[in-house]
DNA sequence: ACCTGCTGCACCATCGATTGTGCATATCAT
DNA sequence: ATGATATGCACAATCGATGGTGCAGCAGGT
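Chains as they are written, first to last, in the numbering used here: chain R, 1065 to 1393; chain L, 1065 to 1393.
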C-alpha cells in the first residue's frame, strides 16, 4: 500500500537501462538524446508498472523550475478576489501549469514571507493581486529572477494590469446624473478608503462628474457598519435622501441598505443609486441599483498574454474596462 | 540586482565555516549539533549580508518535506468554498505553514492530476474539500504517504469532517413547519442534485420532518434558471404558492426569487421560506428568509485538530453543526 | 604522563532528476 | 578493408540542503 515511491533508478534497473535514459524518456527529451523508440516504449511500460511519479523537487532543484505558478491575494472569501483566483486557475490549466493561490490577509509581512516561500519553491511566475506593497513584493521577485505581474493594484517597477476604475466610475456617475434631471441635486459617495488607489480613482471620477465638494465624499472604510453610520448622519444633516448615491462596494452597500430600509420606499425610489461592485441579489431589491463589475476574466487573460509574450518586464499599466450592469449612460 | 542566489556554500566560504555548520545554524538544529553561539551569530550575520534564502526544493528533496500544505476545492468563486479556503489559510498560518489552495473545477481528472502534482512537490498534508472522488484522491495520498483529511464530503478510507446537513436541514424544517400552523400545508424543496451527498442528507431531513412525497422534492440542479422553472411549474400546477419553501442554495434561491417577485407580496409573506446557505443580502429582502450557514471555521479547525493529533488516519466522520440564522425552531 | 570525556566543528554520502560527454557498435562511402 | 559518420546508450557531475560520523583540541581526573 504505502510502498516506497519508485525513482528513475528503479525503472532503470527493472528495464535494464540507465537512469539517464529513463529520465530522457520520461521528460520527453528522448528523441533529442537519441534513445530508440523500442527502448522508450519499454521504459514507459516499466514506469507505469512501478506507478512512477517524477519527484518534482528533485527535478526542480536541477532545473530551477517547479511547474507551479502562483497568485497572491489579500483574501479568498471575497467575490472579486475569488473571481480573480478562478480565472487564474482556468488560464493556468490551459497552459498546463499547476496554479496555487495564497492569501496574505493584507498583512505586508505575511505578504513578503509568503512570496519568499513561493520563490524558494521556484515557482515559475507570480501574479500579485491586491498586494499592500506591490513594489516590495516585485523587488523580491526581481532579485530572484521570478517573472511577475501586478493585478488590481499598480506597481511602478513592473507591468500592471488593473481595473479602469476611473472609467467605470465615470460611466456610473454619468448614468446616475442622467437619471436626475434636476439641477442642484444632492449627491454623495459612500465607502472605501481615501488613500486606497482604487477608491481614489473612483472618487476622482465622481468629483469630475458629479460633485467637487469634499463634504459629499464619505470614504468611511469598507465596512458595512461605518457606511450605515455615514449615510444616516448625512441624511439627518441634510434632512433628506441624496438624489445620487454612489456606493463603493457591496459590503458598504449592506450598511447603506440597512439604512435605506428605514426610509419610505417612495423616497428611496427617487434616488439614483449605484454600486461599484456587483452582487446578484442587488438586482433584485425593491429599487434599482446600477452596478459596475470588475472584469476579472479580462484582467487575468490580459496578464497572461503579457506573461506569455514576456512583456511583463516592461513597466506600464494596462487598464481593463469593468462591466456596466445598467443601461448605457 | 539579479545576482545569483546565494547558498549555504557561499555563506560557509565567507564565514570560514563549513556547509554543515551553516545548515545547522540556519535550520535551528545548531544547539543539537553543538555549534557554538559565537559561530552561530557569525553565520546568521553573513546569511543576512548575502540575503540568503533556503532553497526549499533542495531541502525538501533531502527531507521529503516541503513546508507547504495544500487544499483542493471545486471552485474558488463560491462563498462556501472560499470561506473554507480562508479558514484553512488562517489555521495554517497559525501553524507556520505555507498554505496553497487549488481548485479542480469538479473534474475528476483535474482533481487527480492536481493532487499528483502537489504530492510530487511533497506537500506535508492535504485537505480534500468537495472532491468528486474523495476516495480515489485519498488513495493517491495514502500510497504516497501524505496525510490527508476529507472536508465537506465524506470518504470511506480516511477521516472526514463534514457539515451536519441532516441536522441543519432538520432544524430549518422544524422552524418552517412551526411557522405554518395549518395541517395539510403545502411544502416543497427546490434545488441541488439528488445524487449529491449533501443534498441527499438535506432531502432526507426534509422528508422526515415536512413531507414524504417525492413530488415535493425538486432537485433540479444548482442552477438559478432551473430553480426558477421548477418553482414556477410547481405553482402553476398547484394554483398557489407553497406554504413551506426549502431552497437548497443561494444560487437556486436567485431563481426562486426571480419568480417570487412576480407574485403578490401578501402571498409571498404567507409562505415560510428557508434557504440552506447564507448570503447577507438575503436577510434584507421584503420577506423573511431563514438561513442555514455551514460553519466553515469550525470544520477547518476540527480538521486541523485531527491532523495535529495525527488522528487523520482513523476513518470516521465528524459532523459539524451549521449555524442557524433564524430564531430557534 | 595518560586515559576519559566533552566541545566544536568539518567531511562526505545522500535525496532524485538532469545533462554534458564519452564510448562502443553499426552503417556507409571509397 | 578502412576511415568517416551516425546510432544508441551509459557514466558521472551537478543542483543545494541535510545529518551521520569522525576527529582534533582541551579540561579534568588519577
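We put the CB at the ideal spot given by N, CA and C, even for glycine.
Mapping the DSSP letters down to three states, classify residue i as helix, strand or coil.
| i | result |
| --- | --- |
| residue 1342 (chain R) | coil |
| residue 1198 (chain R) | helix |
| residue 1223 (chain R) | strand |
| residue 1357 (chain L) | strand |
| residue 1214 (chain L) | strand |
| residue 1172 (chain L) | helix |
| residue 1167 (chain L) | strand |
| residue 1390 (chain L) | coil |
| residue 1336 (chain L) | strand |
| residue 1378 (chain R) | coil |
| residue 1261 (chain R) | helix |
Does residue i get closer than 7 Å to chain R when you measure Cβ to Cβ?
| i | result |
| --- | --- |
| residue 1039 (chain L) | Limits of chain L in this structure are 1065 at one end and 1393 at the other, which puts residue 1039 (chain L) out of reach. |
| residue 1164 (chain L) | yes |
| residue 1161 (chain L) | no |
| residue 1345 (chain L) | yes |
| residue 1117 (chain L) | yes |
| residue 1124 (chain L) | yes |
| residue 1282 (chain L) | no |
| residue 1291 (chain L) | no |
| residue 1181 (chain L) | yes |
| residue 1227 (chain L) | no |
| residue 1141 (chain L) | yes |
| residue 1398 (chain L) | The structure shown does not extend to residue 1398 (chain L), since chain L spans only 1065 to 1393, so no value can be given for it. |
| residue 1150 (chain L) | yes |
| residue 1376 (chain L) | no |
| residue 1146 (chain L) | yes |
| residue 1175 (chain L) | no |
Beta-carbon of residue i versus every beta-carbon of chain L: anything under 7 Å?
| i | result |
| --- | --- |
| residue 1076 (chain R) | no |
| residue 1167 (chain R) | yes |
| residue 1184 (chain R) | yes |
| residue 1309 (chain R) | no |
| residue 1321 (chain R) | yes |
| residue 1221 (chain R) | no |
| residue 1212 (chain R) | no |
Use the C-beta contact count for residue i: other C-beta atoms within 10 angstroms, 16 or more gives buried, fewer gives exposed.
| i | result |
| --- | --- |
| residue 1330 (chain L) | exposed |
| residue 1266 (chain L) | buried |
| residue 1307 (chain R) | buried |
| residue 1175 (chain R) | buried |
| residue 1115 (chain L) | exposed |
| residue 1063 (chain L) | Nothing about residue 1063 (chain L) can be read from this structure; chain L reaches only from 1065 to 1393. |
| residue 1243 (chain L) | buried |
What is the rounded straight-line gap between the Cα of residue i and the Cα of residue j?
| i | j | result |
| --- | --- | --- |
| residue 1065 (chain R) | residue 1378 (chain L) | With a pLDDT of 47 at residue 1065 (chain R), under the threshold of 50, the predicted position of this residue should be treated as unreliable, though the coordinate-derived value follows. Taking the straight line joining both Cα atoms gives about 16 Å. |
| residue 1073 (chain R) | residue 1079 (chain R) | 10 Å |
| residue 1276 (chain R) | residue 1270 (chain R) | 8 Å |
| residue 1310 (chain R) | residue 1198 (chain R) | 28 Å |
| residue 1337 (chain L) | residue 1321 (chain L) | 11 Å |
| residue 1291 (chain L) | residue 1297 (chain L) | 10 Å |
| residue 1161 (chain R) | residue 1328 (chain R) | 54 Å |
| residue 1350 (chain R) | residue 1164 (chain L) | 41 Å |
| residue 1083 (chain R) | residue 1091 (chain R) | 12 Å |
| residue 1262 (chain L) | residue 1101 (chain R) | 50 Å |
| residue 1259 (chain L) | residue 1169 (chain L) | 18 Å |
| residue 1357 (chain R) | residue 1283 (chain R) | 20 Å |
| residue 1206 (chain L) | residue 1183 (chain L) | 10 Å |
| residue 1341 (chain L) | residue 1159 (chain R) | 34 Å |
| residue 1094 (chain R) | residue 1085 (chain R) | 7 Å |
| residue 1167 (chain L) | residue 1268 (chain R) | 37 Å |
Could you tell me which of the options sits nearest to residue i, measuring between CA atoms?
| i | options | result |
| --- | --- | --- |
| residue 1301 (chain L) | L:1252, L:1210, L:1145, L:1090 | L:1252 |
| residue 1370 (chain L) | L:1359, L:1382, L:1258, L:1129 | L:1382 |
| residue 1150 (chain L) | R:1137, R:1272, R:1153 | R:1137 |
| residue 1359 (chain L) | L:1368, L:1351, L:1388 | L:1388 |
| residue 1211 (chain L) | L:1153, L:1135, L:1353 | L:1135 |
| residue 1224 (chain L) | L:1076, L:1088, L:1365, L:1075 | L:1365 |
| residue 1099 (chain R) | R:1116, R:1110, R:1081, R:1115 | R:1081 |
| residue 1188 (chain L) | L:1209, L:1169, L:1122, L:1178 | L:1209 |
| residue 1385 (chain R) | R:1319, R:1105, R:1332, R:1216 | R:1216 |
| residue 1087 (chain L) | L:1107, L:1237, L:1201 | L:1107 |
| residue 1264 (chain R) | R:1240, R:1287, R:1233, R:1376 | R:1233 |
| residue 1128 (chain L) | R:1153, R:1122, R:1317 | R:1122 |
| residue 1353 (chain L) | L:1326, L:1318, L:1362, L:1373 | L:1318 |
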